[in-house]
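Peer 1: Have a look at this one.
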Amino acid sequence: MDRKTIKETFERDGYVLIPGFLDKGEVDEIIQNFERVIKHVTPNMPTEKVFFEDKNDSSTLKQLIDIHQYDPFFNDILNKGKFKDIAAFLLDDKVIGKTLEYFNKPPRIGKPTPPHQDGYYFMLKPSVAVTMWMALEPADEENGCVRYIKGSHLTGMRPHGRTTTLGFSQQILDYGPEDVEKEISIRAQPGDLLIHHSLTIHTAGGNNSVARTRKALGLIYFGVSAKEDVAAKVAYQKKLQEERMEKS
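According to the working numbering, the sequence shown is numbered sequentially starting from 90.
What follows is the structure, given as structure tokens:
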């Protein structure tokens, strides 16, 4: 896929799949370094950066956040080279690498990802940002591939509210059957890269397979033209605090 087609698809649909963005050798290197980080770095990371489906079972590791802050290999992946370059190209802006994450849905217990827009968390004005998701192993409907609503980045921010899903605190509140009908499942092979706009609605199923994991690399980039909406962030934190008090 040439760069012109990539950009046209992204601007029209709010997301684009780039097959074979990394080759097998590059993917294997990332997998090996994730394995190293999980074994040697994760034990020293703050608990709020490490999520398990079952905190008493280390084999159920679900998500690692801000890995670039703890490991130079992944800092380079985020801030140097082709991921940052394609982000700047798609946003028509210089970009800042905000985070690098590890995602997994363990077999049988990997839960669905609620429908949401990343921009709700980002709270930027304007919402100039992209999220990248690169498969480290095959992803399909059985083990919880990503699903998008095409063109949803053009219709603004939907109302969000709290969820009970670990690692995803917010979901779209008025998500209905008509939205589900519009969902498009994106199957991916190792090295395939999904990029979506911060306003694009996306979700993912649970992992219903017997023995297949669904591991992926995640990266987020903000355009330098985007500024944090301080008022929105204050209101969000206030809302979270009120919800915590209601549950206590």
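Don't be surprised by glycine CBs; every beta carbon is placed ideally from N, CA and C.
Under 7 Å, do residue 212 and residue 318 count as touching if we go by C-beta distance?
Peer 2: In contact: residue 212 and residue 318 (Cβ atoms closer than 7 Å).
Peer 1: Any idea what DSSP makes of residue 337, helix, strand or coil?
Peer 2: At residue 337, the pLDDT of 46 sits below 50, so the modelled position is not reliable; the number obtained from the coordinates is stated separately. If DSSP states are grouped into helix, strand and coil, residue 337 belongs with coil.
Peer 1: Quick check: the region 306-326 against the region 213-229, are there 3 or more CB pairs under 8 Å?
Peer 2: The answer is yes - the region 213-229 touches the region 306-326, with three or more Cβ pairs under 8 Å.
Peer 1: Given residue 301, which residues of its chain have a CB within under 6 Å of its CB, disregarding the five upstream and five downstream residues?
Peer 2: Counting only Cβ-Cβ distances below 6 Å, and skipping sequence neighbours, we find 196 and 232.
Peer 1: Is the beta carbon of residue 199 sitting closer than 7 Å to the one on residue 296?
Peer 2: Closer than 7 Å, so yes.
Peer 1: Quick one: residues in its chain with C-beta nearer than 8 Å to the C-beta of residue 143, no 5 flanking neighbours on either side, listed in chain order?
Peer 2: Hits under 8 Å: 149 and 198.
Peer 1: Going by C-alpha distance, which of 119, 270 and 107 is nearest residue 237?
Peer 2: The option with the nearest alpha carbon to residue 237 is 270.
Peer 1: How big is the Cα-Cα spacing for residue 157 and residue 327?
Peer 2: Cα-Cα distance, rounded: 29 Å.
Peer 1: Please state whether the Cβ-Cβ distance between residue 289 and residue 258 is less than 7 Å.
Peer 2: No, these two residues do not count as a Cβ contact at 7 Å.
Peer 1: When you compare the CB of residue 210 with every CB in chain C, is at least one pair closer than 7 Å?
Peer 2: Given the protein chain composition of this structure (a single chain), no chain C is represented.
Peer 1: Under the three-state reduction of DSSP, which class applies to residue 60: helix, strand or coil?
Peer 2: A query on residue 60 cannot be resolved here, the shown segment of the chain reaching from 90 to 337 and no further.
Peer 1: How close, in whole Å, do the beta carbons of residue 204 and residue 264 come, if the pair is a contact with beta carbons under 8 Å?
Peer 2: That pair is a contact at about 5 Å.
Peer 1: Go ahead and pull the three-state DSSP assignment for residue 189.
Peer 2: DSSP places residue 189 in strand when its eight states are reduced to three.
Peer 1: Should residue 160 be labelled buried (16 or more other beta-carbon atoms within 10 Å of its own) or exposed?
Peer 2: It is buried - the Cβ of residue 160 has at least 16 other Cβ atoms within 10 Å.
Peer 1: Please name the residue or residues paired with residue 139 in a DSSP beta bridge.
Peer 2: Beta-bridge pairing links residue 139 to 153.
Peer 1: What first and last residue would you give for the alpha helix (DSSP H) that runs through residue 270?
Peer 2: 266-271 is the span of the alpha helix (DSSP H), which, as asked, contains residue 270.
Peer 1: Please report the straight-line C-alpha distance between residue 168 and residue 253, rounded to a whole angstrom.
Peer 2: Cα-Cα distance, rounded: 32 Å.
Peer 1: Give the straight-line distance between the Cα atoms of residue 100 and residue 184, rounded to the nearest whole angstrom.
Peer 2: Those two C-alpha atoms are separated by around 17 Å.
Peer 1: Which residues bound the beta strand (DSSP E) around residue 310?
Peer 2: 305-312 is the extent of the beta strand (DSSP E) around residue 310.
Peer 1: Which word fits residue 303, buried or exposed, when buried means at least 16 other C-beta atoms lie within 10 angstroms of its C-beta?
Peer 2: The residue is buried, with at least 16 neighbouring Cβ atoms inside 10 Å.
Peer 1: Quick one: what's got a C-beta closer than 6 Å to residue 192's C-beta in the same chain, skipping five residues either side?
Peer 2: Answer for residue 192: 152, 305 and 307, listed in chain order.
Peer 1: What are the residues that DSSP puts in a beta bridge with residue 274?
Peer 2: In the DSSP output, where bridge partners are listed per residue, residue 274 has 236.
Peer 1: Buried or exposed: where does residue 121 fall if 16 or more other Cβ atoms within 10 Å of its Cβ makes it buried?
Peer 2: So residue 121 counts as exposed.
Peer 1: Under DSSP, the alpha helix (DSSP H) around residue 210 begins and ends at which residues?
Peer 2: From DSSP, the alpha helix (DSSP H) with residue 210 extends over 207-211.
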